[in-house]
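In my numbering, the protein residues as written are 1288 to 1962. Each residue gets a CB set at the ideal place from its N, CA and C atoms; glycine is no exception.
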């Protein structure tokens, strides 16, 4: 056995690709008949219960990817409590986190930060796979040391995955290491965090590699990055006479979305090696599922302010293509002050960045959108604002809810149109905002007594008309219903045309705070309720399928309730942003932190749990009403502010920060306008 072959057995422990979408970008899926699907699951369940530890962990990973997370948690939790070996504890904790038990992160963090080096590599590698490095201090110590190149590699991979692009260069440098056990792992990492520019690098290194085991790692990295020669090599490797090469090939066939290898993978379900069978079953189930679009997240503060009288609230952004530096978009962020009374908001402010969020101006008060005086000492204000770019008019349209406040800051709801749809326009050429206007609706004495397009995501259609979700109720009701307004817009005036299905629920306050998006040829609506979050789909944005509760792909309730959710839509994938229970966050009001992002299966309307990432942190307080929007083909943003009306920071770290969470996509979003 060669030195690398021995190291390869160590590398086999490290192999996994979290969520890839490099290969074709197409929505290619294979079909599995019930008997074949059941055979795959049988292989995985037998593997998880088997005597070989690491194949069992790989089987747990595959069952999670196949949507059987609760089964994995039930099986692994007692093992974590009894296991004493740090390397194995990392593997168990990793799969618990991937299956949804975020409390197991503490195990990996503690091992990486501890004095015993035995588990350091496995901790760094496992945290890389779940994209969670905690406060990052232990990971950075692992990164800057030079005594252990594999630990440095895994730390570089983990830091890259959470947004440190400079660490990627370290991986590229280690690809040139003279020893196979190092450059092969570097190749494996680049297959996950690299891009098309790494294809020539990998091919150059292959010129010096004769041993088929390290060569397979370079070939499979090329396959994942979309290189045809690498894909053909992976196909050959499925029939290798070396067990470890077959294992690698079976793993990466799914990650590279090589749907043409279905039969080869089916054949490997009967392989004599357990790990080969497990990886083949995993890839078959992955290829039968939606294409997973790889992404990474990064959070950074926009502004920070502690004040005993207010905190910033409702930060939401809209990109203005071509108005920033270097032909990039400028971005405006609308934001308000949450005052001391509940749901009492100031007039509108805004910030602006011309360099994609690296520097900001503001918050700047908008005189045209400030409070107005009403009758009998009332204050007229607009809150819950969502801005968006209009491609037809090259302006920003901001839509929110007009409301009436008493002198004490209480909302007044005794008259028709106390809540109504308000809108204003920002012209980036003149850098000016129009005053608020109100959308005229029919039946305002009856059906549309109160109308609120609050915190909603709305859409501009191809013809320039608008689809605006609202929630509403009549004068006597206590529950809201949801519908979508079809409106015309001429660049200045919105006009009601018609509205769609009236969606109602006789539970709690009904259906409210809906958000709408378009993905491929369908439209999707997510809706808030007091006890659950709901979702439905439509062909025209007006007539919807029966509403269902949001669940994960294992059928478990998403755990989101009594708060809003929003969409991030990519040309290659549909994503939801949300908060939920079960995230080691029972101390947070309504579990409103952290904020998560995850991919959605558009057919089943379920959140794919294995793709979930925390994009904005939990620091002891809830996060307020947030926004989510596409910015460039390569980035989408999630924005929110910490709900802290105080002049002192929270003991767990909250300090009045308004956050910008960036989602970096592995492939360009073709649906984002650039001009």
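Straight-line Cα distance separating residue j from residue i
i, j, result
"residue 1919", "residue 1713", "20 angstroms"
"residue 1733", "residue 1688", "18 angstroms"
"residue 1914", "residue 1461", "39 angstroms"
"residue 1743", "residue 1706", "15 angstroms"
"residue 1368", "residue 1399", "18 angstroms"
"residue 1901", "residue 1749", "33 angstroms"
"residue 1842", "residue 1579", "19 angstroms"
"residue 1492", "residue 1464", "10 angstroms"
"residue 1357", "residue 1718", "52 angstroms"
"residue 1958", "residue 1917", "9 angstroms"
"residue 1953", "residue 1548", "23 angstroms"
"residue 1855", "residue 1496", "42 angstroms"
"residue 1605", "residue 1777", "19 angstroms"
"residue 1833", "residue 1847", "19 angstroms"
"residue 1962", "residue 1609", "5 angstroms"
"residue 1330", "residue 1318", "18 angstroms"
"residue 1315", "residue 1446", "31 angstroms"
"residue 1650", "residue 1327", "55 angstroms"
"residue 1551", "residue 1525", "7 angstroms"
"residue 1403", "residue 1387", "27 angstroms"
"residue 1956", "residue 1860", "9 angstroms"
"residue 1728", "residue 1425", "58 angstroms"
Closest Cα partner of residue i within the set the options
i, options, result
"residue 1820", "1659, 1877 and 1859", "1877"
"residue 1839", "1824, 1472 and 1868", "1868"
"residue 1341", "1561, 1554 and 1465", "1561"
"residue 1542", "1886, 1531 and 1576", "1576"
"residue 1373", "1410, 1388, 1857 and 1357", "1410"
"residue 1786", "1704, 1764, 1831 and 1816", "1831"
"residue 1828", "1794, 1857, 1790 and 1849", "1790"
"residue 1385", "1376, 1417 and 1610", "1417"
"residue 1502", "1485, 1812, 1535 and 1480", "1535"
"residue 1665", "1405, 1691 and 1574", "1691"
"residue 1726", "1704, 1322 and 1851", "1704"
"residue 1515", "1627, 1486 and 1784", "1486"
"residue 1765", "1794, 1746 and 1752", "1794"
"residue 1616", "1845, 1644 and 1784", "1644"
"residue 1818", "1835, 1804 and 1807", "1835"
"residue 1747", "1762, 1736 and 1810", "1810"
Same chain, Cβ closer than 8 angstroms to residue i, five either side skipped, listed in chain order
i, result
"residue 1724", "1709, 1710, 1711, 1780 and 1781"
"residue 1469", "1436, 1437, 1440 and 1461"
"residue 1881", "1866, 1870, 1872, 1901, 1902, 1903, 1904, 1905 and 1910"
"residue 1951", "1450, 1582, 1583, 1584, 1585, 1921 and 1922"
Residue i, enclosing beta strand (DSSP E) - first and last residue
i, result
"residue 1535", "Where residue 1535 is concerned, there is no enclosing beta strand (DSSP E), although the alpha helix (DSSP H) it sits in stretches over 1530-1542."
"residue 1855", "1853-1857"
"residue 1838", "Element bounds for residue 1838: n/a, residue is neither H nor E."
"residue 1759", "1753-1760"
"residue 1460", "Unbroken run through residue 1460 is the alpha helix (DSSP H), 1453-1461; no beta strand (DSSP E)."
"residue 1946", "1944-1952"
"residue 1637", "1636-1640"
"residue 1927", "1922-1928"
"residue 1415", "First-last for residue 1415: 1407-1417, but that is the alpha helix (DSSP H), not the beta strand (DSSP E)."
"residue 1650", "1648-1652"
Same chain, Cβ closer than 7 angstroms to residue i, neighbours up to 5 away in sequence not counted
i, result
"residue 1363", "1347, 1379, 1382 and 1383"
"residue 1767", "1758, 1759, 1760, 1796, 1797, 1798 and 1799"
"residue 1587", "1947"
"residue 1636", "1622, 1623, 1649, 1650, 1651, 1652 and 1653"
Cβ neighbours of residue i in the same chain (closer than 6 angstroms, five flanking residues each side left out)
i, result
"residue 1945", "1589, 1590, 1599, 1602 and 1928"
"residue 1264", "The structure shown does not extend to residue 1264, since the chain spans only 1288 to 1962, so no value can be given for it."
"residue 1457", "1443"
"residue 1740", "1686, 1708, 1755 and 1757"
"residue 1478", "1508 and 1511"
"residue 2011", "It is not possible to answer for residue 2011, since the shown part of the chain is limited to 1288 through 1962."
Start-to-end residues for the alpha helix (DSSP H) that takes in residue i
i, result
"residue 1478", "1467-1480"
"residue 1667", "Looking at the DSSP string, residue 1667 is not in any alpha helix (DSSP H); the run it does join, the beta strand (DSSP E), is 1666-1677."
"residue 1487", "1485-1493"
"residue 1516", "1515-1524"
"residue 1424", "1424-1431"
"residue 1439", "1436-1448"
"residue 1830", "Run containing residue 1830: none; DSSP gives neither H nor E here."
"residue 1501", "1499-1511"
"residue 1395", "1392-1400"
My parser needs the beta strand (DSSP E) runs of 3 or more residues fully inside the segment 1535-1623; what are they? 1582-1591 and 1598-1607
Runs of 4 residues minimum, wholly inside the segment 1331-1389: which ones carry the alpha helix (DSSP H) assignment? 1340-1352, 1356-1369 and 1373-1385
Which ranges would you report for the beta strand (DSSP E) in the segment 1683-1732 if only whole runs of at least 3 residues count? 1707-1714
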